[in-house]
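K.L.:
When the letters of the sequence shown are read in order and numbered with the working numbering, they come out as residues 2 to 232.
Using N, Cα and C, we set each Cβ at its ideal position, and we do this for glycine too.
Keep in mind the model is a prediction, meaning the values are calculated, not measured.
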Amino acid sequence: MEGNNKPVVNLISRPEHMLKTVYTACRTCYSADYPINIYNSTDDEEKMLKLIERVVSSGHYSTIEHIQISFAISNVSRACTHQLVRHRHMSFSQKSQRYVKEKGQFDYIIPPTIDKNPDMKKKFEKFMEQISNQYQEFVEAGIPAEDARFVLPNAAASSMVVSMNLRELIHVANLRLCSRAQYEIRTLVKMMCEELAKVEPWLKPYLVPKCERLGFCDEDKSCGRMPKLGE
Ligand SMILES: Cc1cc2nc3c(=O)[nH]c(=O)nc-3n(C[C@H](O)[C@H](O)[C@H](O)COP(=O)(O)OP(=O)(O)OC[C@H]3O[C@@H](n4cnc5c(N)ncnc54)[C@H](O)[C@@H]3O)c2cc1C
2 MEGNNKPVVN
12 LISRPEHMLK
22 TVYTACRTCY
32 SADYPINIYN
42 STDDEEKMLK
52 LIERVVSSGH
62 YSTIEHIQIS
72 FAISNVSRAC
82 THQLVRHRHM
92 SFSQKSQRYV
102 KEKGQFDYII
112 PPTIDKNPDM
122 KKKFEKFMEQ
132 ISNQYQEFVE
142 AGIPAEDARF
152 VLPNAAASSM
162 VVSMNLRELI
172 HVANLRLCSR
182 AQYEIRTLVK
192 MMCEELAKVE
202 PWLKPYLVPK
212 CERLGFCDED
222 KSCGRMPKLG
232 E
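1. Buried or exposed: which applies to residue 142, given that a residue is buried once 16 or more other Cβ atoms fall within 10 Å of its Cβ?
2. Would residue 4 be called buried (16 or more neighbouring beta carbons within 10 Å of its own) or exposed?
3. Given a cut-off of 7 Å on the beta-carbon distance, is the pair residue 96 and residue 42 in contact?
4. Using a 10 Å radius around the Cβ and a threshold of 16 neighbouring Cβ atoms, would you call residue 210 buried or exposed?
5. Roughly how many angstroms lie between the CA atoms of residue 152 and residue 208, to the nearest whole one?
6. What separation, rounded to the nearest whole angstrom, lies between the Cα atoms of residue 13 and residue 79?
7. Using the Cβ count rule (16 or more neighbours within 10 Å means buried), how would you classify residue 195?
8. Nearest CA to the CA of residue 185: which residue from 229, 39, 161, 76?
9. Can you round the beta-carbon distance between residue 176 and residue 191 to whole angstroms, since I take them to be within the 8 Å contact cut?
10. Under 7 Å between the Cβ atoms of residue 69 and residue 166?
11. Helix, strand or coil, according to DSSP, for residue 186 in the structure here?
12. Taking the alpha-carbon of residue 164 as reference, which of 6, 91, 103, 188 has the nearest alpha-carbon?
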């Protein structure tokens, strides 16, 4: 896995009737009918999508909180997972550096700017080897893994299971697909969105950078994809 910089992302869990569930939540707010009758109705997809877009774009976000999604994620740096865990409505189970001892050279992620510079890449790899040797020396000297890990770098690869509701995934996509987000978390979140959109293509218009939902860029420095507000 060393030097292979792409995250590994798999969708491992989602509700069976995602669209119908969100539609039922939306429609229930404006209908005298029982939710179960709405759920069992034969309303077509176009009608469902139209209502969902109207409700969600008005900020009525509880309607998309009923959907829980889980991903299995590997081959991402600790730098990246540290950014992801800042999202407080996600649940995480991450490979422990206390309980899982590194045996031999630990896996690590090389950022593309270093990966494509042969001189710098060589230095990076040599440094990872030095860190690994030091880590192993600590472990062999009886230092517990939970303390030996203090020398492991941000580049060390990690794995996690991440779960969230649809509202949070859309929020994270809006923030982290922005070109101002760092490349690795942007790649990771893009892969999460693509995995979900493969099976739930109706979500594509929501799993976009925030500027596409807002219609303008609210960042200090714009990438030019959308005009800044007032421009
Ligand atoms: C491009 C970029 C650069 C960043 N740079 C830095 C940096 O330099 N340093 C740094 O420390 N962080 C940085 N961050 C992290 C950022 O500050 C947020 O911690 C992170 O993006 C989580 O966002 P959030 O709070 O919107 O989302 P979540 O934690 O996922 O929460 C979702 C939403 O829930 C609501 N919410 C959650 N918790 C609270 C609360 N306690 N009170 C009120 N409302 C709440 C808010 O509406 C929030 O938007 C950066 C993030 C991005 C995208």
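P.N.:
Once the coordinates are examined:
1. Around the CB of residue 142, fewer than 16 other CB atoms lie within 10 Å, so the residue is classed as exposed.
2. Only weak support exists for where residue 4 lies, its pLDDT of 44 falling under 50; the value from the coordinates is given anyway. By the Cβ neighbour-count rule, residue 4 is exposed, with fewer than 16 other Cβ atoms within 10 Å of its own.
3. Going by beta carbons, residue 96 and residue 42 fall outside the 7 Å limit.
4. Label assigned to residue 210: buried.
5. Using only the alpha carbons, I get a separation of about 37 Å.
6. Looking at the two C-alpha atoms, the distance is approximately 22 Å.
7. By the Cβ-count criterion, residue 195 is exposed, with fewer than 16 other Cβ atoms from all chains shown falling within 10 Å of its own Cβ.
8. The shortest Cα separation from residue 185 among 229, 39, 161, 76 belongs to 76.
9. Not a contact, Cβ separation roughly 12 Å.
10. In contact: residue 69 and residue 166 (Cβ atoms closer than 7 Å).
11. In this structure, residue 186 counts as helix in the three-state DSSP scheme.
12. The shortest CA-to-CA distance from residue 164 to any of 6, 91, 103, 188 is the one to 91.
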